[in-house]
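Peer 1:
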Amino acid sequence: MLLPIDWLREFVDTKGTIEDIAEVYYNLGFGVDNIDKDKMIIDLEITPNRGDALSILGLAREYAAFENLILKKKYSQLKKIDLSCGIKIKNETEDLLNYSCAVINEVDVRESPQIIKDRLHSVNIKSINNIIDITNYLMVENGHPLHVFDIDKISGEEMVIKYSKKNDLIKTLDENKYILPEKSLIARDANGIIDLVGIQGGFSSGITSSTKNILIQAINVSPKIIRKTSKIIGHSTEASYRFERGVDPLFAQDALQDALNLIQKLAGGKIIKIFPRIDNLKEYKPTIIYYDYSLLERKIGVNIEKSLQIGILRNLGFTVDNSKITVPSFRANDVKYPIDIVEEVIRIYGYSKIKKKPLPIKKYLPVKTHKKWLYRQKIVKSLLGNGFSQINTYSFLSDQMSKQFNKQELVKIINPLSSENKYLRPSLIPLMIDAAEKNTWANQVNLFEIGNIFTQKYERTNIAIISTKPIELLNNIKVINKGEKPYLTRKKYYTWEGELDKFTPFKINSDIIDIKVEKYKNISKYPPVVRDLAILIDKKYQLDEIKHNIENINYVLVAELFDVFNSDKFDYSIHSVAFRIVIDDEKKTLNAKKADEVIHQISELLKNKYKAIIR
Amino acid sequence: MNKLIIKGHEHPAEKFLNKAVDYFIKQGYSVAIGNEIETEWYNFDLLRVEKDHPSRDVQDTFWIDDKRLLRTQTSTLQGRVTYDWKNKPPLKIVSPGRVFRNEATDMSHEAIFYQLEGFVIDYNVTMGNLISTIENFIVEIFGKIETKIYPHHYPFVEPGMDVSIKWKGKWLEVLGSGMIHPEVIKNMGYDPEKWQGFAFGMGIDRLALLDTGINDIRLLYHPDLRMIYQF
Numbered sequence: 001m002l003l004p005i006d007w008l009r010e011f012v013d014t015k016g017t018i019e020d021i022a023e024v025y026y027n028l029g030f031g032v033d034n035i036d037k038d039k040m041i042i043d044l045e046i047t048p049n050r051g052d053a054l055s056i057l058g059l060a061r062e063y064a065a066f067e068n069l070i071l072k073k074k075y076s077q078l079k080k081i082d083l084s085c086g087i088k089i090k091n092e093t094e095d096l097l098n099y100s101c102a103v104i105n106e107v108d109v110r111e112s113p114q115i116i117k118d119r120l121h122s123v124n125i126k127s128i129n130n131i132i133d134i135t136n137y138l139m140v141e142n143g144h145p146l147h148v149f150d151i152d153k154i155s156g157e158e159m160v161i162k163y164s165k166k167n168d169l170i171k172t173l174d175e176n177k178y179i180l181p182e183k184s185l186i187a188r189d190a191n192g193i194i195d196l197v198g199i200q201g202g203f204s205s206g207i208t209s210s211t212k213n214i215l216i217q218a219i220n221v222s223p224k225i226i227r228k229t230s231k232i233i234g235h236s237t238e239a240s241y242r243f244e245r246g247v248d249p250l251f252a253q254d255a256l257q258d259a260l261n262l263i264q265k266l267a268g269g270k271i272i273k274i275f276p277r278i279d280n281l282k283e284y285k286p287t288i289i290y291y292d293y294s295l296l297e298r299k300i301g302v303n304i305e306k307s308l309q310i311g312i313l314r315n316l317g318f319t320v321d322n323s324k325i326t327v328p329s330f331r332a333n334d335v336k337y338p339i340d341i342v343e344e345v346i347r348i349y350g351y352s353k354i355k356k357k358p359l360p361i362k363k364y365l366p367v368k369t370h371k372k373w374l375y376r377q378k379i380v381k382s383l384l385g386n387g388f389s390q391i392n393t394y395s396f397l398s399d400q401m402s403k404q405f406n407k408q409e410l411v412k413i414i415n416p417l418s419s420e421n422k423y424l425r426p427s428l429i430p431l432m433i434d435a436a437e438k439n440t441w442a443n444q445v446n447l448f449e450i451g452n453i454f455t456q457k458y459e460r461t462n463i464a465i466i467s468t469k470p471i472e473l474l475n476n477i478k479v480i481n482k483g484e485k486p487y488l489t490r491k492k493y494y495t496w497e498g499e500l501d502k503f504t505p506f507k508i509n510s511d512i513i514d515i516k517v518e519k520y521k522n523i524s525k526y527p528p529v530v531r532d533l534a535i536l537i538d539k540k541y542q543l544d545e546i547k548h549n550i551e552n553i554n555y556v557l558v559a560e561l562f563d564v565f566n567s568d569k570f571d572y573s574i575h576s577v578a579f580r581i582v583i584d585d586e587k588k589t590l591n592a593k594k595a596d597e598v599i600h601q602i603s604e605l606l607k608n609k610y611k612a613i614i615r
Numbered sequence: 001m002n003k004l005i006i007k008g009h010e011h012p013a014e015k016f017l018n019k020a021v022d023y024f025i026k027q028g029y030s031v032a033i034g035n036e037i038e039t040e041w042y043n044f045d046l047l048r049v050e051k052d053h054p055s056r057d058v059q060d061t062f063w064i065d066d067k068r069l070l071r072t073q074t075s076t077l078q079g080r081v082t083y084d085w086k087n088k089p090p091l092k093i094v095s096p097g098r099v100f101r102n103e104a105t106d107m108s109h110e111a112i113f114y115q116l117e118g119f120v121i122d123y124n125v126t127m128g129n130l131i132s133t134i135e136n137f138i139v140e141i142f143g144k145i146e147t148k149i150y151p152h153h154y155p156f157v158e159p160g161m162d163v164s165i166k167w168k169g170k171w172l173e174v175l176g177s178g179m180i181h182p183e184v185i186k187n188m189g190y191d192p193e194k195w196q197g198f199a200f201g202m203g204i205d206r207l208a209l210l211d212t213g214i215n216d217i218r219l220l221y222h223p224d225l226r227m228i229y230q231f
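Here the protein sequences come in this chain order: A and B.
With this note's numbering, you'll find the first sequence wraps up at 615, consecutive numbering, no jumps.
With this note's numbering, you'll find the second sequence wraps up at 231, consecutive numbering, no jumps.
(1) Could you name the residues of the segment 32-66 of chain A whose beta carbon sits closer than 8 Å to any beta carbon of chain B, in the order they occur along the chain?
(2) Any heavy atom of the ligand ATP closer than 7 Å to the beta-carbon of Thr126 (chain B)?
(3) Starting from the Cα of Asn187 (chain B), find the closest Cα among B:Lys144, B:Phe16, B:Thr76 and B:Ala104 and give me that residue.
(4) Indicate whether the contact test is met: 3 or more Cβ pairs, each with one atom in the segment 503-512 of chain A and one in the segment 537-546 of chain A, closer than 8 Å.
(5) Identify the continuous alpha helix (DSSP H) that holds Met202 (chain B) and give its terminal residues.
(6) From the DSSP output, in three-state form, read off Ile18 (chain A) for me.
(7) Between Trp85 (chain B) and chain A, is there a C-beta pair that is closer than 8 Å?
(8) What residue does the alpha helix (DSSP H) around Tyr349 (chain A) start on, and which one ends it?
(9) Do you know how far the Cα of Lys438 (chain A) is from the Cα of Asn34 (chain A)?
(10) Please specify which runs of the beta strand (DSSP E), each continuous and at least 3 residues long, are wholly inside the segment 246-309 of chain A, giving them in chain order.
(11) If the cut is a Cβ gap below 7 Å, which residues of chain A does Gln196 (chain B) touch?
(12) Can you tell me where the alpha helix (DSSP H) with His548 (chain A) in it begins and where it stops?
(13) Based on the DSSP output, what are the partners of Glu158 (chain B) in its beta bridges?
(14) Starting from Leu447 (chain A), follow its DSSP beta bridges and name the residues at the other end.
(15) Any Cβ of chain B within less than 8 Å of the Cβ of His370 (chain A)?
(16) Would Ile535 (chain A) and Ala559 (chain A) qualify as a contact pair, given that the criterion is a beta-carbon distance under 8 Å?
(17) Could you name the residues of the same chain whose beta carbon sits closer than 6 Å to that of Tyr681 (chain A), not counting the 5 residues immediately before and after it, in chain order?
(18) Output the boundary residues of the alpha helix (DSSP H) element that contains Asn129 (chain B).
(19) Between the Cα of Ala399 (chain A) and the Cα atoms of A:Gln390, A:Asn386 and A:Ile413, which residue gives the shortest distance?
(20) Using DSSP with H/G/I as helix, E/B as strand and the rest coil, what is Tyr610 (chain A)?
(21) For Lys168 (chain B), which option in B:Leu219, B:Phe142 and B:Tyr150 has the closest C-alpha, if you only look at C-alpha atoms?
(22) Apart from the five residues just before and just after Val380 (chain A), which ones in its own chain have a Cβ nearer than 8 Å to its Cβ?
(23) Using the three-state DSSP reduction, which class does Phe203 (chain A) fall into: helix, strand or coil?
(24) Excluding five sequence neighbours on each side, which residues of the same chain lie with their C-beta closer than 6 Å to the C-beta of Leu180 (chain A)?
(25) With a threshold of 8 Å between beta carbons, is Trp63 (chain B) in contact with chain A?
(26) Report yes or no: do three or more beta-carbon pairs, one from the segment 145-155 of chain A and one from the segment 236-244 of chain A, lie closer than 8 Å?
(27) What ranges does the alpha helix (DSSP H) occupy inside the segment 471-553 of chain A, keeping only unbroken runs of at least 4 residues that lie completely in it?
(28) Indicate whether at least one CB of chain B lies closer than 8 Å to the CB of Lys594 (chain A).
(29) Which residue comes first and which comes last in the beta strand (DSSP E) that contains Ala20 (chain B)?
(30) Rounded to whole angstroms, what's the CA-CA distance from Gly8 (chain B) to Ala442 (chain A)? Just pull it up for me.
(31) I need the straight-line Cα distance from Lys282 (chain A) to Gly198 (chain A), nearest angstrom please.
(32) Mapping the DSSP letters down to three states, classify Glu586 (chain A) as helix, strand or coil.
(33) Report back the beta-carbon spacing between Pro528 (chain A) and Leu557 (chain A) to the nearest angstrom; my notes put them in contact at under 8 Å.
(34) Given a threshold of 16 other Cβ atoms within 10 Å of its Cβ, counted over all protein chains shown, does Phe565 (chain A) qualify as buried or as exposed?
(35) Under 7 Å, CB to CB, which of the residues in the segment 374-406 of chain A have a partner in chain B?
(36) Could you tell me whether the Cβ of Ile228 (chain B) comes closer than 8 Å to any Cβ of chain A?
Structure, rendered in structure tokens:
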């Protein structure tokens with residue numbers, strides 16, 4: 001929700017800079033998505049429970065409550081003007097919370113003054129003409145959507161608000177046609193549907209430059225019915241967005257009065273009829289909460305005196321009569337329970353004032369899966385300790401990969417990301433093979449994954465291993481030969497998959513090499529060049545240090561240690577060490593000549609600093 | 001010839017997750033693991049995310065049929081541990097796991113990511129306890145770093161809050177939490193007059209990216225060995 005500061009200042013005297021104002025909103029519970037210091041506009045995140053904050057008025061109210069100020073703007077009472085004008089408004093539904101309208105003749109439809117155009121522009125709304133602009137302007141300002149009809153284009157003497165029948169059709173103001181489900185809110189005249197109530201007005205009775213006589217309405221409707229229709233037809237507007245979140249059920253009359261004042265000012269005309277209300281509206285029953293002031297300390301752990309709590313609540317617009325608290329109509333959709341009252345008080349009081357208290361040390365009973373987690377970690381350690389590296393792959397399988405499985409047994413997503421992601425993986429192997437094949441530059445792979453697999457019968461945690469060399473620690477290895485269907489791989493792989501719960505962790509040797517890693521370097525979009533470098537080197541030199549120095553050389557992304565061994569063929573003090581040098585450049589794949597230069601640099605380093613012999 | 005074994009590389013997000021879970025285990029939390037396919041009831045209704053309310057739109061969901069979905073949050077374990085597995089309070093639970101959101105993917109967004117949920121239910125657990133728990137956890141994982149807490153609304157907690165950390169000069173939201181809503185405690189099958197508690201949830205992948213410097217979240221699920229080798 002865009003909040004221009006100059007507009008806010010019409011309602012409340014703000015203190016400090018735009019950053020100070022933004023900080024107030026953070027403290028009230030509205031995240032700040034953006035601060036535009038040039039245009040002096042704050043973009044606030046309004047959570048779905050705060051329909052009352054979808055307006056300048058609502059946000060000003062919040063600011064005033066926090067800073068202990070009074071709102072500057074007052075709304076005047078709506079007078080009833082009772083002259084005959086020929087139109088009758090009837091409601092045949094149970095979803096109308098409020099209704100107020102007026103008929104104005106001889107309006108002058110023309111361009112809006114610059115200030116209106118600028119204000120609408122600052123909140124990304126297009127200026128059309130003074131009448132339509134007024135409805136949008138006031139909706140942003142006070143949160144109550146308005147709709148205007150060209151009354152001469154309404155046929156007959158009656159407008160009836162009723163429920164649609166299935167397949168009723170309407171052409172809306174944006175010139176789109178919608179086929180309606182049954183039980184949507186519509187307004188009908190003698191000829192057809194003229195309004196998709198709460199969402200958008202009909203095209204046939206829209207305001208044009210030649211409109212002379214208008215019917216302006218402030219109508220309020222139940223959130224659920226608007227949301228339902230909006231979702232089914234796939235259309236939402238600024239108006240429906242507000243109704244879904246709840247518009248103040250007592251404000252329609254104030255909204256209309258505001259509109260009449262502004263229309264008279266900008267478009268002239270003669271008000272010939274005002275309907276402050278109509279019959280058959282849903283009765284507004286204020287929410288009353290019986291509140292125990294000690295609840296706050298019990299839940300939050302801080303003591304706030306009753307008088308202070310009451311002061312805060314009254315600032316926010318609540319009526320407080322000891323323990324009987326009446327929720328203001330504009331918060332009816334959000335505040336329902338005593339715990340909501342606690343939240344109102346504590347957010348104004350300040351979360352930063354809550355004293356931190358550590359939980360007492362106490363024994364709690366473990367749940368049944370705790371052992372599973374510990375076992376999983378044991379298995380991960382055992383695999384790492386035997387030279388396998390861990391990967392994670394996607395849970396979704398593409399159409400192509402899924403062809404090898406029986407479609408009846410696969411779990412399908414009704415609304416996938418794309419057709420490439422329709423099925424849930426019934427096995428970890430296909431995506432692990434895909435991953436291995438995307439990394440063939442690595443020459444060898446030795447990978448494992450622990451993750452969930454899905455069939456129509458069950459969801460299970462599996463563990464799978466894929467390697468370019470035989471897996472000696474397991475039986476029942478499945479070999480995937482080069483070029484074999486369905487994978488058509490470029491390499492031969494040894495694979496194994498089984499249930500995690502039934503897996504026996506491998507033994508870990510005490511003398512495994514655990515080499516220190518360096519700070520992460522981001523990888524290039526382009527394929528790397530890889531060269532293996534094997535050396536004979538004195539064991540006294542630390543492998544961590546050697547790796548560190550190699551990786552310091554330009555273009556070396558990582559030096560992957562992949563082979564270390566002793567042999568009778570060389571002295572006891574010497575071992576063979578092999579690194580896979582991954583050469584990466586973010587601009588391109590390095591050419592062979594450049595790669596050779598890098599290798600040469602590394603070789604010189606190893607020879608000079610470590611007296612290594614290049615094999 | 002005797003070949004030495006070289007330790008394999010641990011997945012960076014898994015490593016970060018383990019560090020976080022281990023911390024909570026040391027604080028006396030027990031680990032709850034649940035399924036990735038969940039029912040609408042445990043994922044939404046029990047947690048007060050009503051079907052015909054806009055708060056459903058906050059998390060785009062992958063549906064399997066009209067009752068089952070891929071869980072959008074690990075808060076599903078709140079209902080599973082209590083209502084399904086019938087563990088009675090007092091409880092101290094963490095739950096790590098994969099969650100799914102039907103959203104466009106880019107360098108900072110994936111449809112699949114890891115979440116870590118935690119919740120405590122006991123007689124006198126307060127928001128003061130929650131704030132202490134969160135701040136101690138942040139110090140453990142990130143060291144001494146500026147943190148801020150702000151009110152934020154989630155249907156399943158009241159009061160709700162967001163926790164941000166100052167990372168390289170910018171404020172980043174890292175955690176959502178709050179006092180478990182009394183209606184949720186009721187849905188779990190327990191008396192909210194007797195039991196109260198807090199819950200928190202964090203996106204592990206995002207935090208792992210901050211911690212490691214990896215610039216593309218998609219690498220965590222579409223492995224490039226150039227990334228794996230660096231851990």
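Here a beta-carbon is modelled for each residue, glycine too, at the ideal position from N, C-alpha and C.
Given the structure is predicted, the values throughout are model-derived calculations rather than measurements.
Peer 2: Answer, in terms of the structure:
(1) Thr47, Pro48, Asn49 and Arg50
(2) The ligand ATP is not part of the structure shown, which contains no ligands of any sort.
(3) As a working note, residue 187 (chain B) is residue 187 in the second sequence. Out of B:Lys144, B:Phe16, B:Thr76 and B:Ala104, B:Thr76 has the C-alpha closest to the C-alpha of Asn187 (chain B).
(4) no
(5) Taking the second sequence and counting its residues from 1, the one referred to as residue 202 (chain B) is at position 202. From DSSP, Met202 (chain B) is part of no alpha helix (DSSP H) but of the beta strand (DSSP E) over Gln196 to Gly203.
(6) Taking the first residue of the first sequence as 1, we reach residue 18 (chain A) at position 18. DSSP places Ile18 (chain A) in helix when its eight states are reduced to three.
(7) Walking along the second sequence from the start, residue 85 (chain B) turns up at place 85. Answer yes: the Cβ-Cβ gap between Trp85 (chain B) and chain A drops below 8 Å somewhere.
(8) Translated into positions along the first sequence, residue 349 (chain A) becomes position 349. Per DSSP, Tyr349 (chain A) belongs to the alpha helix (DSSP H) from Pro338 to Tyr349.
(9) Locating residue 34 (chain A) in the first sequence gives position 34, counting from the first residue. Locating residue 438 (chain A) in the first sequence gives position 438, counting from the first residue. If you take the alpha carbons of Asn34 (chain A) and Lys438 (chain A), they lie about 40 Å apart.
(10) 270-275 and 288-290
(11) Within the second sequence, the letter at position 196 stands for residue 196 (chain B). What Gln196 (chain B) touches in chain A: Lys299.
(12) In the first sequence, the residue the question calls residue 548 (chain A) occupies position 548. Counting along the chain, the alpha helix (DSSP H) containing His548 (chain A) begins and ends at Leu543 to Glu551.
(13) In the second sequence, the residue the question calls residue 158 (chain B) occupies position 158. Beta-bridge pairing links Glu158 (chain B) to no other residue.
(14) Taking the first sequence and counting its residues from 1, one reaches residue 447 (chain A) at position 447. DSSP, once it has assigned bridges, lists A:Ser389 and A:Ile466 as partnering Leu447 (chain A).
(15) As a working note, residue 370 (chain A) is residue 370 in the first sequence. It does; some Cβ of chain B falls within 8 Å.
(16) What you label residue 535 (chain A) is simply residue 535 of the first sequence in a count that begins at 1. What you label residue 559 (chain A) is simply residue 559 of the first sequence in a count that begins at 1. No; because the gap between Cβ atoms is not below 8 Å, this pair is not in contact.
(17) This structure leaves residue 681 (chain A) out entirely; chain A is present only between 1 and 615.
(18) In the second sequence, counting from the first residue as 1, residue 129 (chain B) sits at position 129. Counting along the chain, the alpha helix (DSSP H) containing Asn129 (chain B) begins and ends at Met127 to Phe142.
(19) Position 399 of the first sequence, counted from the first residue, corresponds to residue 399 (chain A). Contrary to the premise, residue 399 (chain A) reads as Asp rather than Ala in this sequence. Closest by alpha carbon: A:Ile413.
(20) In the first sequence, residue 610 (chain A) corresponds to position 610, counting from 1. Looking at Tyr610 (chain A) - three-state DSSP - the assignment turns out to be helix.
(21) Translated into positions along the second sequence, residue 168 (chain B) becomes position 168. Comparing Cα-Cα distances from Lys168 (chain B) to each of B:Leu219, B:Phe142 and B:Tyr150, the minimum goes to B:Phe142.
(22) As a position in the first sequence, residue 380 (chain A) is number 380, starting the count at 1. Excluding positions up to five away in sequence, the list reads Gln390 and Ile450.
(23) Within the first sequence, residue 203 (chain A) is the residue found at index 203, counting from 1. It is coil, neither helix nor strand.
(24) What you label residue 180 (chain A) is simply residue 180 of the first sequence in a count that begins at 1. The answer, listed in chain order, is Ser164 and Asp168.
(25) Taking the first residue of the second sequence as 1, we reach residue 63 (chain B) at position 63. So yes, Trp63 (chain B) belongs to the interface.
(26) yes
(27) 543-551
(28) For this step, residue 594 (chain A) is matched to residue 594 along the first sequence. No, its Cβ sits nowhere closer than 8 Å to a Cβ of chain B.
(29) Mapped onto the second sequence, residue 20 (chain B) falls at position 20. Counting along the chain, Ala20 (chain B) falls outside any beta strand (DSSP E), though it belongs to the alpha helix (DSSP H) covering Pro12 to Lys26.
(30) As a position in the second sequence, residue 8 (chain B) is number 8, starting the count at 1. As a position in the first sequence, residue 442 (chain A) is number 442, starting the count at 1. Using only the alpha carbons, I get a separation of about 14 Å.
(31) Residue mapping note: residue 282 (chain A) aligns to position 282 of the first sequence, counting from 1. Residue mapping note: residue 198 (chain A) aligns to position 198 of the first sequence, counting from 1. Roughly 16 Å separates the two Cα atoms.
(32) Here residue 586 (chain A) is taken as the residue at index 586 of the first sequence, counted from 1. Coil, per DSSP.
(33) By one-based count along the first sequence, residue 528 (chain A) stands at place 528. By one-based count along the first sequence, residue 557 (chain A) stands at place 557. Contact flag correct, Cβ pair sits at about 7 Å.
(34) As a working note, residue 565 (chain A) is residue 565 in the first sequence. Looking at its Cβ environment, which holds fewer than 16 other Cβ atoms inside 10 Å, Phe565 (chain A) is exposed.
(35) Gln377, Leu383, Leu384, Gly385, Asn386, Gly387, Phe388, Ser389, Gln390, Ile391, Asn392, Thr393, Tyr394 and Ser395
(36) For this step, residue 228 (chain B) is matched to residue 228 along the second sequence. For Ile228 (chain B), the answer is yes, since a Cβ of chain A falls inside 8 Å of its Cβ.
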